[in-house]
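Colleague: Take this structure, written in structure tokens, and hold onto it; I'll ask about it next.
Residue numbers (my numbering): 14 to 282.
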């Protein structure tokens, strides 16, 4: 850790020890959340721009047609990728995805996948049945490809990315598919979404549990816990080296349901 980062960490720790935050928020208080759906026109089937405080994330959804996996022949495919643009933070470089980018994508992916917020059995492309060489009936499926782009890292990228991905999915329209080709300027409807999964990430600093850390506060973080919920717990992911007690986890889960419902209203608005 360089001198500047150490000074930030020491300052944050000193403030937290006095049961305060740098920006005077409560420990369980988010910064202002704003969402703009349909942010990218013409280049994606769905998109959303999310801003939490000064953290900015853009999610785009691309729809392609492909073949199902052998073990799920009657289901479509969902994938999530994340890109940390160098312009978003001095700590981000160019090149292949970093471990942090891979982890972020996996946490968002797991929350969406485990929540079953998209009915994947309905991601079958209409009128594409055929018989293969073994006499089996095969179908084409929709491939839902979610790309997350970090525009500015001012802290709490997991929640911002998960919210952006979910908002982009709600914005997505399935294109028409005729004669083996996608007609991207014509649409047949939206995705079969039944739930809205929201991640809420808790972090510990000096044994105190906080929500929505900014980038300065994150320098003093010991450990984190992301809880993704719909009307039930869908996924949990721990990061960092610190520990969580059973009581702390229960407390986080209870709070996650409350905060997720508040955020869900913004996403669905």
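Backbone N, C-alpha and C define an ideal beta-carbon position, used for all residues, glycine too.
1. If the criterion is Cβ atoms closer than 8 Å, does the pair residue 241 and residue 248 meet it?
2. Can residue 232 and residue 203 be called in contact, C-beta distance under 8 Å?
3. Rounded to whole angstroms, what is the Cα-Cα separation between residue 165 and residue 226?
4. Just grab the DSSP bridge partners of residue 207 for me.
5. Report, in whole angstroms, the separation of the C-beta atoms of residue 46 and residue 279, which I expect to be a contact under 8 Å.
6. Is it true that the segment 28 to 48 meets the segment 210 to 229, where meeting means three or more beta-carbon pairs spaced less than 8 Å apart?
7. Of the choices 57, 34, 78, 23, whose alpha-carbon is the least far from that of residue 13?
8. Do you know offhand how far residue 213's Cα is from residue 145's?
9. Put residue 58 into one of helix, strand or coil per three-state DSSP.
10. Between the segment 51 to 61 and the segment 111 to 131, do at least 3 Cβ pairs fall closer than 8 Å?
11. At what residues does the beta strand (DSSP E) containing residue 245 begin and finish?
12. Excluding the 5 residues preceding and the 5 following residue 160 in the sequence, name in chain order all residues of the same chain whose CB lies nearer than 6 Å to its CB.
13. Relative to the alpha-carbon of residue 68, which residue among 28, 177, 281, 129 has its alpha-carbon at the smallest distance?
14. Tell me where the beta strand (DSSP E) around residue 69 begins and ends.
15. If we cut at 8 Å on Cβ distances, does residue 141 have a partner in chain C?
Modeller: By the coordinates alone:
1. A distance below 8 Å separates the beta carbons of residue 241 and residue 248.
2. In this structure, residue 203 does not lie closer than 8 Å to residue 232 by Cβ.
3. If you take the alpha carbons of residue 165 and residue 226, they lie about 14 Å apart.
4. As DSSP reads the structure, residue 207 sits in no beta bridge.
5. Residue 279 and residue 46 do touch by the CB rule: their CB atoms are close to 6 Å apart, below 8 Å.
6. A contact between stretches requires three or more CB pairs, one per stretch, nearer than 8 Å, and the segment 28 to 48 meets this requirement with the segment 210 to 229.
7. Because the chain spans 14 through 282 in this model, residue 13 falls outside it and cannot be assessed.
8. CA-to-CA, the gap between residue 213 and residue 145 works out to about 45 Å.
9. Coil, per DSSP.
10. Put simply, the segment 51 to 61 does not touch the segment 111 to 131. Fewer than three CB pairs are less than 8 Å apart.
11. Counting along the chain, residue 245 falls outside any beta strand (DSSP E), and DSSP gives it neither H nor E.
12. The beta carbon of residue 160 is closer than 6 Å to those of 73, 94 in its chain, skipping five residues each way along the sequence.
13. Of the candidates 28, 177, 281, 129, the one whose C-alpha sits nearest the C-alpha of residue 68 is 177.
14. Per DSSP, residue 69 belongs to the beta strand (DSSP E) from 68 to 79.
15. Within the model displayed, chain C is absent; a lone protein chain is all it includes.
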